[in-house]
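K.L.:
Note that the protein sequences, when read in sequence, are chains A and B. Mind the numbering: the first sequence is residues 5 to 412 in the working numbering, read in order. Mind the numbering: the second sequence is residues 5 to 412 in the working numbering, read in order. Pasting in a structure now, in structure tokens, and then I'll have a few things to ask.
Number of protein chains: 2
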Amino acid sequence: MHATASDLRPHPRAGLTCESTPSAAWRAPGTFEVLAADPASPARAGRLWTAHGPIDTPCFMPVGTYGAVKGLEPEDLVEVGSQIILGNAYHLAHRPGYERVRALGGLHRMIGWDRPILTDSGGFQVFSLRGLQRLDDGGVDYQTHFDGSRHRMTPRTVLEVEAALGSDICMILDHCPPGDAAPKLKREAVDRSTRWAVAAAELRGAILAPGQLCFGIVQGGTDLTLRREHLRTIAALPFDGIALGGLSVGESIADAHATLAAIAPEMPTERPRYVMGIGTPRDLLAAVRSGVDMFDCVMPTRNARNGQLFTFAGKVNIRQSRHRDDPGPVDPGCACRTCRRYSRAYLRHLHEQNDPLYGRLATRHNLFFFHQWVGAMRHALREGRFSALAAALARLVDVDPPAAAEAG
Amino acid sequence: MHATASDLRPHPRAGLTCESTPSAAWRAPGTFEVLAADPASPARAGRLWTAHGPIDTPCFMPVGTYGAVKGLEPEDLVEVGSQIILGNAYHLAHRPGYERVRALGGLHRMIGWDRPILTDSGGFQVFSLRGLQRLDDGGVDYQTHFDGSRHRMTPRTVLEVEAALGSDICMILDHCPPGDAAPKLKREAVDRSTRWAVAAAELRGAILAPGQLCFGIVQGGTDLTLRREHLRTIAALPFDGIALGGLSVGESIADAHATLAAIAPEMPTERPRYVMGIGTPRDLLAAVRSGVDMFDCVMPTRNARNGQLFTFAGKVNIRQSRHRDDPGPVDPGCACRTCRRYSRAYLRHLHEQNDPLYGRLATRHNLFFFHQWVGAMRHALREGRFSALAAALARLVDVDPPAAAEAG
């Protein structure tokens, strides 16, 4: 990759913290303010208030399935610019156990993180337990992948777990079929998700604490008719935000982006829009352009551990021997602590030695990059120059070589 | 363990940094000042100056075989009170390669650590390569445990590697036989070590940079006659410090401590005394009482990763299920960041999930403890109250249950 793009980045510190000033009046959890909108696209910048403070959108959310974002401490996350992290209700319900987390003072206290936390239901993971789960209209019976013990997950149990965890944003139980599922199954999944959403909307007042937000989820795969129908249904329910599920589950990138472009702009403007489980820098650009506010993905953290580092000039596979003698940083223009201090040669050495320090340094860099990537779009939106920035970012990712080309 | 011992600790910050004040005049590398001596024992407090600044003794040195102290960044080490760290010339010579380290600006620059570094020759590790090494009077031929490649290690090559690494304190090549070696082999090892020491003393001026210190090593196992003879020989050579090797290599604790008690006080008083590869908190107490200034051991770091955490009230095995619901810190009296922020329950959860964050938090705690343990002695020496403190510390470790009793 020849094009560096230092002019595209916000100031290094710009993505580092929530831009909300200390003097900004505290708003009730659930308040969502649209602060700027792109005149030429559905893209917008906003601010969502939670019981643990605001998040500035568009916002990328790192994944900490079991509580911790693997290898990082809360101050590492603050340093790279994470405003909110994700946990998984299914995983945490069993490890360490949601009653245990409650007894330890909730998830924030247990992990030492005082910013917002969003929890996914973990339904997606339970549906992936091949042969270990049985679905009915009320919920899903499953055996855990931890110890084979039998449990039942319903709209109610998911909210109960999230209440115990103390999540700021609670995702409801939904049914997410694979991307290549038959139309009949997609229809079933939508109908089942609707029943569960109605149940969750009724139950949340009794189960969740007043400050805990609850988001509905729209299914329907890449079938726009089904998506639109389900969106109308979910949007009519009193959720604090609306998510698109069922993307990045096996469909093509083109189909996913087409679905985003068609559906996201039709989502309610006055509530935050969240696309679950995406994605690549290119996916994030497509999502923001379509008017999405929030996203999560394991990509920056998982790929970091596997040796793939993201930069504005393309991906770097630190395992390659050509980095062995390279005294330069992963990205000379990057202001993260990893790039400010360590060479590619040292990172490769740590990776080769399986030193746990490698994972921390690499994860920190990749998260910094993702937060900068999204932060650049957020700032451009606020400053009324989104179109130009998005076009420049698009040129970067269009010529980005696929991961497979450099891996190995 | 019933006895907590908060009165025995120095102030939490006391062990955290080198006590040398910024206004202390910079001294030439190799300068060793004895700042206080216990009137009732050979114990003393001092300060050794290196090209990367002073270290206050007695001083515990964490081990970073391949450069990094596993999982920790330089600021973690500074925070817990590490003044100097160890590297291993054999390991670094092959991974990432000493010429590579030199090209990257030296070991300090590569790892981002600007305090002193001591490097062991790695001879001990090479002698452990069963069937893969052959010893002669000039050095040792070996095949690496990395890739089986053939190399030769001599007094000269060790210094050449250490020159390339830029170590502040360079240990010479010696021959360290197992603790249960026959008397004939111990004799041979002493004679060979002497020849190598003479060679190293002659070569250092031509190979090492002016500011790089070079320490001689005394062998002889637990045979006091042999030890004394070798000590006289090594002490007569122009080394900047003298080390006792060949302890903690299989002999009994009683024999090791008896050897320390007999030999350390006979080591030159005007040069720093270093005991290699020890040890437990009890070993460190015995060493300081015998007048030793420096020690290194993998125990705090390796045991941390295996779940064993040290406290002033005894050891904690974090894997035990009884910690599962414990909201308290590892040690309520400990001021390390791990204890200030995280519960035993969370540490156990991280350990169970194999989260790399566990290793960092646990290693940080154990190093903090070791630095506090030694720092308490250093401060007591300076304040003229070492006897009372040493007696109190001895009561703590004498009733400390052996590790096996709690592990499992």
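Cβ coordinates follow ideal geometry from the N, Cα and C atoms, glycine included.
Between which residues of its own chain and GLN147/A is the CB-CB distance below 8 angstroms, once the five residues before and five after are set aside?
P.N.:
For GLN147/A, where only same-chain residues beyond five positions count, the Cβ hits under 8 angstroms are LEU133, LEU136, GLN137, SER153, ARG154, HIS155.
K.L.:
Name the chain A residues that come within less than 8 angstroms of GLU83/B, Cβ to Cβ?
P.N.:
Ordered by position in chain A, no residue passes the 8 angstroms Cβ test against GLU83/B, which lies about 12 angstroms from the chain.
K.L.:
Does the distance from the CB of ALA72/A to the CB of ASP244/B come in under 8 angstroms?
P.N.:
For ALA72/A and ASP244/B, no; Cβs fall outside 8 angstroms.
K.L.:
Using 8 angstroms as the threshold, is the C-beta distance between SER391/A and ALA44/A below it?
P.N.:
Yes, the pair counts as a contact, with Cβ atoms nearer than the cut-off.
K.L.:
Measuring only the C-alpha atoms, how far is ASP402/A from GLY209/A?
P.N.:
Taking the straight line from one Cα to the other gives about 46 angstroms.
K.L.:
Thinking C-beta only, is ILE257/A closer than 8 angstroms to GLY220/A?
P.N.:
For GLY220/A and ILE257/A, no; Cβs fall outside 8 angstroms.
K.L.:
Are there 16 or more other CB atoms within 10 angstroms of the CB of ALA213/A, so buried, or fewer, so exposed?
P.N.:
It counts as exposed.
K.L.:
For ALA3/B, return the contacting residues in chain A, with the cut-off set at a CB-CB distance below 7 angstroms.
P.N.:
No statement about residue 3/B is possible, as the shown extent of chain B runs from 5 to 412 and does not include it.
K.L.:
Taking just the CA atoms, how far does ARG119/B sit from SER31/B?
P.N.:
What sits at residue 31/B in the sequence shown is Arg, not Ser. Their backbone Cα atoms lie some 15 angstroms apart in a straight line.
K.L.:
Chain B partners of ARG277/A, CB-CB under 8 angstroms?
P.N.:
None at all; the shortest Cβ gap to chain B is about 31 angstroms.
K.L.:
Here's a check: name, in chain order, each residue in its chain whose Cβ is nearer than 6 angstroms to the Cβ of LEU397/B, leaving out the five neighbours to either side.
P.N.:
For LEU397/B, where only same-chain residues beyond five positions count, the Cβ hits under 6 angstroms are LEU289.
K.L.:
Determine the chain B residues that contact ASP329/A at a beta-carbon separation under 7 angstroms, and present them in chain order.
P.N.:
Result: ARG104, ALA107.
K.L.:
Tell me the DSSP secondary structure of GLN147/A in three-state form.
P.N.:
GLN147/A falls in the strand class under three-state DSSP.
K.L.:
For ALA167/B, does the three-state DSSP call read helix, strand or coil?
P.N.:
Note: ALA167/B maps to helix in three-state DSSP.
K.L.:
Are the CB atoms of THR123/A and LEU90/A within a distance shorter than 8 angstroms?
P.N.:
Against a cut-off of 8 angstroms, the Cβ pair of THR123/A and LEU90/A comes out as a contact.
K.L.:
Closer than 8 angstroms, Cβ to Cβ, to anything on chain A: give me those residues from the segment 247 to 277 of chain B, in chain order.
P.N.:
Residues: none.
K.L.:
Quick one: what does DSSP say ARG138/B is sitting in, helix, strand or coil?
P.N.:
Residue state, collapsed to three classes: strand.
K.L.:
Nearest chain A C-beta to TYR94/B closer than 8 angstroms, yes or no?
P.N.:
No, its Cβ sits nowhere closer than 8 angstroms to a Cβ of chain A.
K.L.:
Please work out which residues of its chain come closer than 6 angstroms, Cβ to Cβ, to GLN129/B, disregarding the five sequence neighbours upstream and downstream, and give them in chain order.
P.N.:
The residues are TYR94.
K.L.:
Starting from GLY209/B, follow the alpha helix (DSSP H) in both directions and report where the run begins and ends.
P.N.:
Unbroken alpha helix (DSSP H) run through GLY209/B: 187 to 211.
K.L.:
Would ALA7/A be called buried (16 or more neighbouring beta carbons within 10 Å of its own) or exposed?
P.N.:
Residue placement at ALA7/A cannot be trusted, given a pLDDT of 39 that sits under 50; the coordinates are not used to answer.
K.L.:
Check THR54/A in the structure and name its three-state DSSP category.
P.N.:
Note: THR54/A maps to strand in three-state DSSP.
K.L.:
Does the beta carbon of ILE115/B come closer than 8 angstroms to any beta carbon on chain A?
P.N.:
Yes, its Cβ sits closer than 8 angstroms to a Cβ of chain A.
K.L.:
How would you list, in chain order, the residues of chain A whose beta-carbon sits under 7 angstroms from the beta-carbon of GLU77/B?
P.N.:
Neighbours of GLU77/B on chain A, chain order: LEU361.
K.L.:
So what's HIS155/A in DSSP terms, helix, strand or just coil?
P.N.:
Residue state, collapsed to three classes: strand.
K.L.:
Are there 16 or more other CB atoms within 10 angstroms of the CB of GLY109/B, so buried, or fewer, so exposed?
P.N.:
Counting Cβ neighbours within 10 Å, GLY109/B comes out exposed, since fewer than 16 surround it.
K.L.:
Name, in chain order, the residues that DSSP records as bridge partners for MET298/A.
P.N.:
Its beta-bridge partners are CYS63/A, TYR278/A.
K.L.:
Closer than 8 angstroms, Cβ to Cβ, to anything on chain A: give me those residues from the segment 301 to 329 of chain B, in chain order.
P.N.:
Within the segment 301 to 329 of chain B, the qualifying residues are ARG328, ASP329.
K.L.:
Taking 8 angstroms as the cut-off, does the segment 184 to 202 of chain A touch the segment 34 to 43 of chain A (at least 3 CB pairs, one atom from each stretch)?
P.N.:
No: fewer than three Cβ pairs fall under 8 angstroms.
K.L.:
When the Cα atoms are used, what is the spatial distance from GLY126/A to ALA55/B?
P.N.:
Approximately 55 angstroms, taken between the alpha carbons.
K.L.:
Do three or more CB pairs link the segment 232 to 243 of chain A to the segment 263 to 273 of chain A at distances below 8 angstroms?
P.N.:
Touching, yes.
K.L.:
So SER347/A contacts chain B; which residues on that side make the cut at Cβ distance below 8 angstroms?
P.N.:
The contacting residues are LEU108, MET114.
K.L.:
Can you round the beta-carbon distance between PRO181/A and LYS188/A to whole angstroms, since I take them to be within the 8 angstroms contact cut?
P.N.:
PRO181/A to LYS188/A, Cβ: 10 angstroms. No contact.
K.L.:
Between ARG99/B and chain A, is the shortest Cβ-Cβ distance under 8 angstroms, so that the two count as touching?
P.N.:
Yes, contact with chain A.
K.L.:
Specify the secondary structure class of ALA18/B as computed by DSSP and reduced to three states.
P.N.:
In this predicted model, ALA18/B has a pLDDT of only 48, less than 50, meaning its place in the structure is not dependable; the value taken from the coordinates is given anyway. Three-state result, ALA18/B: coil.
K.L.:
Return no unless some Cβ of chain A is closer than 8 angstroms to the Cβ of TYR2/B.
P.N.:
The requested residue 2/B is not part of the displayed model; chain B covers only 5 to 412.
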